[in-house]
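Notes to accompany the following structure.
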Amino acid sequence: MEDFKKAIDQIHAPEDLTARTRTRMFQENARLRQEKTGPALYLKRWSRQIVAVAACLVLLIGGTVVYRNTRPITWNTLPAGTTIVGEGGNTGLPEIQPALTPQLAELYDSGKTRKIEGVPVVFVREESTDVYIAYWRDGDAERTYVSDPGATEKEFLQEVRTLLKQ
Amino acid sequence: MEQRCVDDARLDALITRYSDMVYRLAVLRCHTKEDAEDVYQEVFIKLVRYAAKLEDEEHVKAWLIRVTINQCNSLYTSSWKQRNRSLDELHEQGAEPAAEDEGLTAISEDDGILDAVRALKPAYRDVIYLFYYEDMSIRSISAALHTTETNVKVRLNRARNKLKEILEKKGAGPYGRL
């Protein structure tokens with residue numbers, strides 16, 4: 001293997017190649033040095049994460065706002081601090097639950113809000129006996145009993161309209 | 167803080183120290199001088215990016231050997247290289263490109279021991295070079311080549327036998343010293 005060693009000994013990296021490579025190495029090293037390192041590099045990565053988190057927050061908040069504006073309003077989800085004006089309690093109205101038409105029962109049980117005359121109205125049935133509507137006027141919640149529980153939905157809504165106009 | 171670059175002085179020292187080793191390995195592995203030069207440059211450019219992670223000199227040496235071999239392999243497995251072969255390369259191989267796969271390429275009467283080694287399979291060339299020229303131990307070679315010590319010994323034995331066969335064909339050679 002001495003011959004092999006001697007032959008290998010004759011092989012040297014050309015000087016111009018070494019010089020060119022050395023120059024390129026230094027340039028590459030300088031480029032690496034200029035790149036953001038350490039905390040700055042992490043910050044660069046964090047900024048992407050911050051943007052991603054901010055986008056998620058915007059979506060979450062936006063989604064919540066949209067949901068709150070479109071969700072059904074029920075008695076339990078009245079805005080905090082809402083003052084209930086008026087009392088529909090003992091108004092001498094007949095017991096209505098037995099006579100409630102299936103249409104109205106469905107309307108009441110759905111808990112959905114309807115806009116009547118531009119006023120959101122929620123239909124609430126309490127303790128399965130009293131039926132009343134809650135509606136909002138000038139930021140306050142009001143409620144009243146339905147005078148004719150045996151009415152059709154059309155008649156009932158007409159009655160509500162009349163009520164709201166008072 | 168993650169350190170990603172090293173001093174120019176250290177890079178200078180590294181290229182000065184390992185320049186010939188990388189070039190020799192590339193020459194043994196590549197078919198043309200130009201390919202060897204390309205490999206040489208690529209290896210040292212990669213070294214700039216990884217030098218900060220290489221702890222000691224042994225680590226650097228093993229890393230350079232590994233990367234040089236990988237770089238040579240990827241050079242000849244690239245689709246462009248597979249489709250395009252230089253005329254010099256074909257001339258060197260006696261226009262018999264398939265012969266290298268068998269570990270025996272045509273070598274002329276004037277070729278010496280170096281060409282006999284170059285006629286071996288790349289895996290055999292590596293161990294011959296590292297064992298006989300770099301005086302690396304079997305363990306160091308196995309670490310550098312990411313293989314087992316047994317595998318290195320087998321390769322070394324087969325490489326010697328092939329080399330003997332080639333030199334016998336040639337009609338001369340220092341067989342007794344292999």
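Quick note, the sequences are listed as chains E and G, same order.
Taking my numbering, I'd label the letters of the first sequence as residues 1 to 166.
Taking my numbering, I'd label the letters of the second sequence as residues 167 to 344.
Even for Gly, the Cβ is constructed at its ideal location relative to N, Cα and C.
Label residue i either buried or exposed according to how many other C-beta atoms from any shown protein chain fall within 10 Å of its C-beta, with 16 as the threshold for buried.
i	result
residue 196 of chain G	buried
residue 292 of chain G	buried
residue 202 of chain G	buried
residue 217 of chain G	buried
residue 299 of chain G	buried
residue 46 of chain E	exposed
residue 207 of chain G	buried
residue 228 of chain G	buried
residue 295 of chain G	buried
residue 204 of chain E	The first residue shown for chain E is 1 and the last is 166, placing residue 204 of chain E beyond what the model contains.
residue 172 of chain G	buried
residue 64 of chain E	exposed
residue 237 of chain G	buried
residue 181 of chain G	buried
residue 59 of chain E	exposed
residue 239 of chain G	exposed
residue 23 of chain E	exposed
residue 175 of chain E	There is simply no residue 175 of chain E to check, as chain E begins at 1 and stops at 166 in what is shown.
residue 214 of chain G	buried
Going by beta carbon distance, what residues of the same chain come within less than 8 angstroms of residue i, once the five residues before and after it are set aside?
i	result
residue 199 of chain G	193
residue 61 of chain E	none
residue 324 of chain G	290
residue 232 of chain G	310, 311 and 312
residue 53 of chain E	none
residue 11 of chain E	none
By Cβ distance, which residues of its chain are closer than 7 angstroms to residue i, with the 5 residues on each side in sequence left out?
i	result
residue 315 of chain G	304, 305 and 308
residue 234 of chain G	188, 191, 192, 205 and 209
residue 322 of chain G	293 and 297
Using C-beta distances below 6 angstroms, list every residue in its chain close to residue i, excluding the 5 sequence neighbours before and after it, in chain order.
i	result
residue 242 of chain G	none
residue 185 of chain G	none
residue 15 of chain E	none
For residue i, is the beta carbon positioned less than 7 angstroms from some heavy atom of the ligand HEM?
i	result
residue 281 of chain G	Looking at this structure, you won't find the ligand HEM or any other ligand, since it has none at all.
Along the chain, which unbroken stretches of the alpha helix (DSSP H) at least 4 residues long are found entirely within the segment 196-247 of chain G? Segments of the alpha helix (DSSP H) lying fully in the segment 196-247 of chain G: 199-216 and 223-243.
Which residues, in order along the segment 207-237 of chain G, keep a beta-carbon less than 8 angstroms from a beta-carbon of chain E? Flagged, chain order: 207, 210, 211, 213, 214 and 215.
Along the segment 171-198 of chain G, where does the CB come closer than 8 angstroms to a CB of chain E? Name the residues. Hits within the stretch, in order: 171, 172, 174, 177, 178, 181, 185, 186, 188, 189, 190 and 193.
Looking at chain G, which residues of the segment 11-36 of chain E have a Cβ within less than 8 angstroms of any of its Cβ atoms? Of all residues in the segment 11-36 of chain E, 11, 12, 13, 14, 17, 18, 20, 21, 22, 24, 25, 26, 28, 29, 32, 33 and 35 have a Cβ within less than 8 angstroms of some Cβ in chain G.
Only counting runs of 4 or more residues, tell me where the alpha helix (DSSP H) segments fall wholly within the segment 274-340 of chain G, in order along the chain. 279-284, 288-294, 304-311 and 315-336, all fully within the segment 274-340 of chain G.
For the segment 287-306 of chain G, list every residue whose C-beta sits within 8 angstroms of some C-beta in chain E, in sequence order. Of all residues in the segment 287-306 of chain G, those with a C-beta nearer than 8 angstroms to a C-beta of chain E are 294, 295, 298 and 299, reading in chain order.
Give the residues from the segment 310-321 of chain G that approach chain E closer than 7 angstroms (Cβ to any Cβ), ordered along the chain. Under the 7 angstroms Cβ criterion, the segment 310-321 of chain G contributes no residue.
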